[in-house]
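In case it helps, the numbering used here puts the sequence shown at residues 9 to 67. Beta carbons are placed, not taken as given, at the ideal position from N, Cα and C, and that holds for glycine. What follows is a short report on a single structure.
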Amino acid sequence: TARTARFSSPLGVYDFIKRSSMIEVSEPGAQTLGAVASTLAHGEGLTAHARAAEMRLKK
């Protein structure tokens, strides 16, 4: 590092933690998001993802 590491911040606890966000969605919101997700997945050629979204809509 040519001794430049001393100028950057050291490792901290948050460098080793995976942070995940939790969200809550209503049933009508889930239906809307599922339809949009399916459309986007089809458009990107991700047919398995599209089918997964469609299967969740049927439940």
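Check residue i in the structure and name its three-state DSSP category.
i, result
"residue 27", "coil"
"residue 32", "coil"
"residue 47", "helix"
"residue 11", "coil"
Which whole-angstrom value describes the C-beta separation of residue i and residue j, a residue pair presumed to lie in contact below a C-beta threshold of 8 Å?
i, j, result
"residue 49", "residue 58", "4 Å"
For residue i, collect the residues of the same chain with a Cβ closer than 7 Å to its Cβ; drop the 5 residues on either side in sequence, then sort them by chain order.
i, result
"residue 33", "41"
Note down, in chain order, each residue of its chain lying with its Cβ closer than 8 Å to the Cβ of residue i, except the 5 sequence neighbours on either side.
i, result
"residue 62", "42 and 46"
"residue 51", "none"
Note down, in chain order, each residue of its chain lying with its Cβ closer than 6 Å to the Cβ of residue i, except the 5 sequence neighbours on either side.
i, result
"residue 64", "42"
> Does the region 12 to 25 touch the region 33 to 49, meaning 3 or more C-beta pairs lie closer than 8 Å?
Replying inline: no
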